[in-house]
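Numbering (the working numbering), first residue to last: 1350 to 1780.
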Ligand code: AMP
Ligand code: GLY
């Protein structure tokens, strides 16, 4: 098969790495890809949101399977466009991807189908929203309806901060049309976990559980990021908790979507808060998590391409996946200044040293191939905020953490920073 992976992050590198191992894959392309992906796939210079460009390329090359990494092309309707041309593509169509593209749609669906989530109210004007905030107990969470690259959720500790959030979204319109509607909801307390499943519209195949680390600094301090590291499995998701999430969240969502006339194919990602009252949904995404995928793929023994084709063709009944029982940890090495401003084009040193290490794999995010300033030889250069995902398996979580940080110690670039405590919750629970 000729396979095209759309996207350019660590998630897409992990997907390419796994897809390249499939006996079903003869030729792999990635658009636009990154430095690391160029070692396993042919890079195609088309951006992930250029749906027409991607379609033209897939038709020209007679691509047998397209895999979409990020949410934007899904929300733009890439699946509908490809399918209408008879091309196979893994993911939900536009009206299904709304579970991520519109938080209002997603919350109303959860309410309708009795899926546990934070109590909420929807507003389409600032006046009503401000009136609602007045006298309400804090913290409150203010969310823009549409896609905001992970920045559209504001946790507000005081009424004044919540009012500022509403003004920012609805008066100053800092998020543009994405905040034409907003949600104000109660703040949930607990540990977060990510449950990612693949559906064919009817049947569900869960991937291993995982946990992300969103804040930039150790001990969950500092601003939110796209994710600074992840591990799988998440020990907080015990068998009993997992069953509850499948019964109360995933199954009703898949059944609900089908009952709405929108049978859901592709990845369904549930961001869960494990509260004292049980698991509650923070958000649904229509795609694989990043960086969760980087910690999940090294544990997956089954053929990912087969899984995706089964999702597309409606053949997931009685299907399950084989997993490496060993835990996996993935730590993000970020550019100096990230998640604020940062420089690009800095030489990455030591990535070669890590290649030979057993059970270690480095997934690239913001990198590109380039030349060393000193002698012109080829190397990788930084090209984004999150640069590398250094990933390791281990006999237990402590071993995985050690392997991961050992490998990370061999890699450097000017300004590089990373969290030193990825996996700390799992290590604590294993003591
Ligand atoms: P979302 O994009 O909706 O998942 O939100 C991003 C992050 O904001 C989540 O991973 C949580 O850390 C946090 N968050 C979102 N909604 C809530 C909530 N109701 N209570 C507490 N934290 C939340
Ligand atoms: N790791 C969070 C996300 O992929 O949305």
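Using N, Cα and C, we set each Cβ at its ideal position, and we do this for glycine too.
- Assigned with DSSP and collapsed to three states, residue 1731 falls in strand.
- Taking C-alpha positions only, residue 1376 is separated from residue 1352 by approximately 6 Å.
- Remark: the C-beta of residue 1534 is in contact range of ligand 1, defined as less than 7 Å to any heavy atom.
- Inter-residue distance for residue 1488 and residue 1362 is about 37 Å (C-alpha atoms, whole angstroms).
- Ranked by how close their Cα comes to the Cα of residue 1381, the residues 1371, 1740, 1399 and 1664 have 1399 in first place.
- Three or more Cβ pairs closer than 8 Å define a contact, and the segment 1538-1558 meets that threshold against the segment 1581-1588.
- Between residue 1621 and residue 1502, the alpha-carbon positions lie close to 15 Å from each other.
- Below 8 Å, enough C-beta pairs join the segment 1565-1580 and the segment 1676-1696 to call them touching: three or more.
- In this structure, the CA atom of residue 1592 is about 53 Å from the CA atom of residue 1726.
- Of the other Cβ atoms in all chains shown, fewer than 16 fall within 10 Å of the Cβ of residue 1690; this residue is therefore exposed.
- Distance check between residue 1562 and each of 1708, 1626, 1679 and 1716 places 1679 closest, using alpha-carbon atoms only.
- Pairing residue 1511 with residue 1491 gives a Cβ-Cβ distance under 8 Å.
- Under the DSSP assignment, residue 1365 falls in the alpha helix (DSSP H) whose first and last residues are 1359-1368.
- Contact between the segment 1713-1721 and the segment 1741-1753 is absent, with fewer than three C-beta pairs closer than 8 Å.
- In this structure, the alpha-carbon of residue 1677 lies about 15 Å from that of residue 1671.
- Counting C-beta atoms within 10 angstroms of its own C-beta, residue 1721 has fewer than 16 neighbours from the protein chains shown and is therefore classed as exposed.
- In this structure residue 1669 touches residue 1554 by the C-beta definition: roughly 6 Å separates them, less than 8 Å.
- Take residue 1546, set aside five residues on each side of it, and the residues of its chain with a beta-carbon closer than 7 Å to its own are 1553, 1554, 1555, 1556, 1599 and 1617, in chain order.
- Cβ neighbours of residue 1639 within its own chain (closer than 7 Å, five residues either side excluded): 1358, 1359, 1360, 1575 and 1576.
- Annotation for residue 1573 indicates a beta carbon at 7 Å or more from all heavy atoms of ligand 2.
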